[in-house]
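Q:
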Amino acid sequence: MEINVSGVSCRIGEVEILKDINFRLESGSFTAIVGPNGAGKSTLVKIMLGLLKPDGTAAKILYDGVEVAEVNKNRHWLGYVPQNYAFDRSVPITLDEFFKITCRAEEGDKYNSVLESLKLFKLKKHIMGGLSGGEIQRALIAYNLFHDKRVLFLDEPTSAIDIEGETLVYSILNNLNKERKINIIIISHDIDAVLKNVDTVVCLNKTIHCMGGACEILEGSMIQKFFEGHRGLYQHGGCHHGRC
Amino acid sequence: MPFALKALFVSALISVICAWSGIFVTIKNMAFFSESISHSSLAGIAIALWLGFDPSLFLVFFSAAAAALIALVAQSSIASRDSVIGIVHATIMSAGIILLGFLRGGNTDIARYLFGDVLAVTSTDLYICSALFVLAAAYLAKFSTTHTLTCLTPELARLNGINVKKYDFMLMILLALIISVSVKIAGAILVTALLVIPSNAAKNISASYNSFVILSIVTGLTGAVAGVAASIFLDFPTGPSIVLLNSIAYFASLFARNYLKISI
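If you read the sequences in order, they're chains A and B. Heads up: the first sequence at position 27 corresponds to 27 in my numbering, and the numbers run straight through without jumps. Here my numbering runs 244 ahead of the position in the second sequence, where the first position is 1.
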């Protein structure tokens, strides 16, 4: 699904969060939005999801030419996995019940195959409050798959999980991107993971600083300037991406 | 219908619907909202008595209006929902206390609503209560799944095209209606207990959402039946008896969870 963002600005009180954001993402892309804290990444994602309204009337968010408000009203293509899924962990609800209540998912091949692919099948009778951060992330990805989302946004998808969990999440995201052609957009501070997995990078710091292929952007000099020489804080190794 | 049977019937209906809807009060942390509506109902009773209306029926409309007012102010204010509830609650209560001053010595109905008296339920109360039960049970049967989603994951619900604000508003109105009728049994001071205690007792020992709902209703119903029996046979006040039995269930479930590791 082609995504077009144009003329997006956002100000909260006197603070400018985003200024005149314009970019286009190709259908089937796997994109990372990177930038320092306070760059407006989460705000941009919430605006793209239609959860926040940008300033003015000129801003447009289009999914295959359809306005985001229309998408949310009738088509529900957009999925979201928040960074910190704020739910009451004391509520006694099993994973199975969560999917059946919130997604109206029914037992069957599709149900089992989604749970299997996300390594959740054995956990389906477990109370959600007892699941780890990584398991909750995977459960929320499953939630979006049951709803047949065509664009999936993930805010810091691996911030609360270990390296093994991170590898699993990225392998799942890569499968979804390649096999189901789901557009994936992640917010990440983990440049290593971004280099290994995504094909497009958007560098944001209130405005679009640079945008392009992952290696082209993250291995180039622009990124040094973007992170003001602190790139090492975000990067742990070199580029291992097969696409470079 | 004999008064004891009437009391038992009304208590059972109200306890079941309170315990069922109390699931959402617990998930969404709406205990303060419930408390405010129940306390505000005293002002509604004062207005009804002052105007010469039947308090039972008037209270239904008054409580729904108070809930709508809270929702309206909360949506147009930058204050937190708790602050808005506190402000609206204080405003209504202050007006109610001033009105009560005008009624001083003229009517004892207010004490009945303050502490509850299910043994004094009238036929009108019985009809209102039955109608509310049918209405609320039908609503919960149809929309409890949507409310579970909006209470647990409002952002995800919004992305699936669900109007979360509308459902939050509907839940507030439903709770206000339930509270307005329940005040007659438990009294304005204790009515929140019928919403909060059974669901929290159930939560302590539930291993699934189904158990949570069923155990909450069973706890509420058992408390109602035993409370009315204690009231009739031991001459205890009904509302406090029901609430106290629910509290015993809560502490027993807490013990069962922490020390016996019981999970149903």
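Just so it is clear, CB atoms sit at the ideal spot from N, CA and C, and this is done for glycine as well. Computed from a prediction, not measured in an experiment: that's the story for all the values here.
Taking 8 Å as the threshold (beta carbon to beta carbon), is ASN404/B in contact with chain A?
A: The count along the second sequence starts at 1 and reaches residue 404/B at position 160. Interface residue, yes.
Q: Taking the Cβ atom as the reference point for each residue, do GLY330/B and PHE306/B lie within a distance shorter than 8 Å?
A: Taking the first residue of the second sequence as 1, we reach residue 330/B at position 86. Taking the first residue of the second sequence as 1, we reach residue 306/B at position 62. Cβ atoms of GLY330/B and PHE306/B: not closer than 8 Å.
Q: Which residue's Cα is closest to the Cα of ILE336/B: SER282/B, LEU504/B, PHE253/B, ALA318/B?
A: The count along the second sequence starts at 1 and reaches residue 336/B at position 92. Closest by alpha carbon: SER282/B.
Q: Got a sec: is the Cβ-Cβ distance from ILE187/B to anything in chain A below 8 Å?
A: The question about residue 187/B has no answer here: the residues shown for chain B are numbered 245 through 508.
Q: Answer yes if the segment 254-261 of chain B comes into contact with the segment 395-407 of chain B, meaning at least three C-beta pairs across the two stretches below 8 Å, and no otherwise.
A: No: the two stretches stay apart, fewer than three of their Cβ pairs being nearer than 8 Å.
Q: Pull the bridge partners of LYS181/A from the DSSP assignment, please.
A: The residue labelled residue 181/A in the question sits at position 181 within the first sequence. Per DSSP, none; premise fails for LYS181/A.
Q: Anything in the segment 51-78 of chain A with a Cβ closer than 9 Å to a Cβ of chain B? List those residues in chain order, please.
A: The residues in question are LEU51, ASN72, LYS73, ASN74, ARG75, HIS76, LEU78.
Q: Determine the contact status of GLY35/A and LEU18/A, defining contact as a CB-CB distance below 8 Å.
A: Against the first sequence, residue 35/A aligns to sequence position 35. Against the first sequence, residue 18/A aligns to sequence position 18. Not in contact: GLY35/A and LEU18/A (Cβ atoms no closer than 8 Å).
Q: Count the other CB atoms, across all protein chains shown, that sit within 10 Å of the CB of ALA334/B; report buried if there are 16 or more and exposed otherwise.
A: Within the second sequence, the letter at position 90 stands for residue 334/B. Per the 10 Å Cβ criterion, exposed.
Q: For ALA32/A, which three-state DSSP category applies?
A: Position 32 of the first sequence, counting from 1, holds the residue named residue 32/A. Here ALA32/A sits in strand by DSSP.
Q: Quick check: the segment 444-457 of chain B against the segment 90-107 of chain A, are there 3 or more CB pairs under 8 Å?
A: A contact exists between the segment 444-457 of chain B and the segment 90-107 of chain A.
Q: List the whole-angstrom C-beta distance separating THR389/B from ILE406/B, where the pair is believed to meet the contact cut-off of C-beta under 8 Å.
A: Along the second sequence, one-based indexing puts residue 389/B at 145. Along the second sequence, one-based indexing puts residue 406/B at 162. With 8 Å as the limit, THR389/B and ILE406/B do not qualify as a contact, their Cβ atoms being about 11 Å apart.
Q: Alpha carbon to alpha carbon, what distance is there between ALA380/B and SER374/B?
A: What you label residue 374/B is simply residue 130 of the second sequence in a count that begins at 1. What you label residue 380/B is simply residue 136 of the second sequence in a count that begins at 1. One C-alpha to the other measures close to 10 Å.
Q: Is LEU347/B helix, strand or coil when you go by DSSP?
A: Position 103 of the second sequence, counting from 1, holds the residue named residue 347/B. If DSSP states are grouped into helix, strand and coil, LEU347/B belongs with the helices.
Q: When you check each C-beta in the segment 92-106 of chain A against every C-beta of chain B, which residues fall closer than 7 Å?
A: Answer set for the segment 92-106 of chain A: PRO92, ILE93, THR94, GLU97, ILE101, THR102.
Q: Kindly list, in the order they appear in chain B, the residues whose Cβ is closer than 8 Å to that of HIS189/A.
A: Position 189 of the first sequence, counting from 1, holds the residue named residue 189/A. By Cβ distance, chain B contributes nothing, its closest Cβ being about 22 Å from HIS189/A, past 8 Å.
Q: Could you pull the start and end residues of the alpha helix (DSSP H) that TYR453/B belongs to?
A: Residue mapping note: residue 453/B aligns to position 209 of the second sequence, counting from 1. Where TYR453/B is concerned, the enclosing alpha helix (DSSP H) stretches over 453-478.
Q: With a threshold of 8 Å, are at least 3 pairs of Cβ atoms found where one atom belongs to the segment 172-186 of chain A and the other to the segment 64-74 of chain A?
A: Not touching, per the Cβ criterion.
Q: Short of 7 Å in beta carbon distance, which residues of its chain neighbour GLU26/A, apart from the five on each side in sequence? Order them along the chain.
A: For the purposes of this step, residue 26/A is taken as the residue at position 26 of the first sequence. Here the set comprises GLU2.
Q: Under 8 Å, Cβ to Cβ, is there at least one residue of chain B near TYR80/A?
A: Stepping through the first sequence from its first residue, residue 80/A is reached at position 80. Yes, contact with chain B.
Q: Run down chain B in chain order and give the residues with a C-beta less than 9 Å from the C-beta of TYR143/A.
A: Taking the first residue of the first sequence as position 1, residue 143/A is located at position 143. Near TYR143/A (Cβ distances below 9 Å), the residues of chain B are THR397, LEU400.
Q: Give me the chain B residues within the contact set of ILE127/A, using Cβ-Cβ distance strictly less than 8 Å, ordered along the chain.
A: Counting from one through the first sequence, the residue named residue 127/A turns up at place 127. ALA451, SER452, listed in chain order.
Q: Spell out whether any CB of chain B is found under 8 Å from the CB atom of PHE23/A.
A: Locating residue 23/A in the first sequence gives position 23, where the first residue counts as 1. It does not: the Cβ of PHE23/A has no partner Cβ on chain B nearer than 8 Å.
Q: Have a look at LYS428/B and VAL362/B and give me their C-alpha separation to the nearest angstrom.
A: Here residue 428/B corresponds to residue number 184 of the second sequence, with the count starting at 1. Here residue 362/B corresponds to residue number 118 of the second sequence, with the count starting at 1. So the alpha carbons of these two residues sit roughly 6 Å apart.
Q: With a 10 Å radius around its C-beta and 16 neighbouring C-beta atoms as the bar for buried, classify ASN37/A as buried or exposed.
A: The residue given as residue 37/A occupies position 37 in the first sequence. Flag for ASN37/A reads exposed.
Q: Determine the direct distance from the alpha carbon of ALA248/B to that of VAL365/B, and round the result to whole angstroms.
A: Here residue 365/B corresponds to residue number 121 of the second sequence, with the count starting at 1. Here residue 248/B corresponds to residue number 4 of the second sequence, with the count starting at 1. In a straight line, the C-alpha of VAL365/B is about 10 Å away from that of ALA248/B.
Q: By a C-beta neighbour count over all protein chains shown, 10 Å radius and 16 as the cutoff for buried, is LYS295/A buried or exposed?
A: Since the first and last residues shown for chain A are 1 and 244, residue 295/A lies out of range.
Q: In the DSSP assignment, the alpha helix (DSSP H) including ARG245/A goes from what residue to what residue?
A: Any question about residue 245/A goes unanswered here, given that chain A covers just 1 to 244.
Q: Should ILE61/A and ILE208/A be called a contact, given that it needs their Cβ atoms to be closer than 8 Å?
A: Residue 61/A sits at position 61 when you count from the first residue of the first sequence. Residue 208/A sits at position 208 when you count from the first residue of the first sequence. No, these two residues do not count as a Cβ contact at 8 Å.
Q: Rounded to the nearest angstrom, what separates HIS126/A and ASN112/A at their Cα positions?
A: As a first step, residue 126/A is located in the first sequence; it is residue number 126 there, counting from the start. As a first step, residue 112/A is located in the first sequence; it is residue number 112 there, counting from the start. Roughly 15 Å between the two C-alpha positions.
Q: Quick one: what does DSSP say ASN404/B is sitting in, helix, strand or coil?
A: Here residue 404/B refers to the residue found at position 160 when the second sequence is read from its first residue. Three-state DSSP puts ASN404/B in coil, outside helix and strand.
Q: Let me know the alpha helix (DSSP H) ranges lying completely inside the segment 355-399 of chain B, each 4 residues or longer, listed in chain order.
A: Listed in chain order, they are 367-396.
Q: Considering only residues of the same chain and omitting the five flanking positions on each side of ALA493/B, which have a CB-CB separation below 6 Å?
A: Position 249 of the second sequence, counting from 1, holds the residue named residue 493/B. ALA445, THR463, listed in sequence order.
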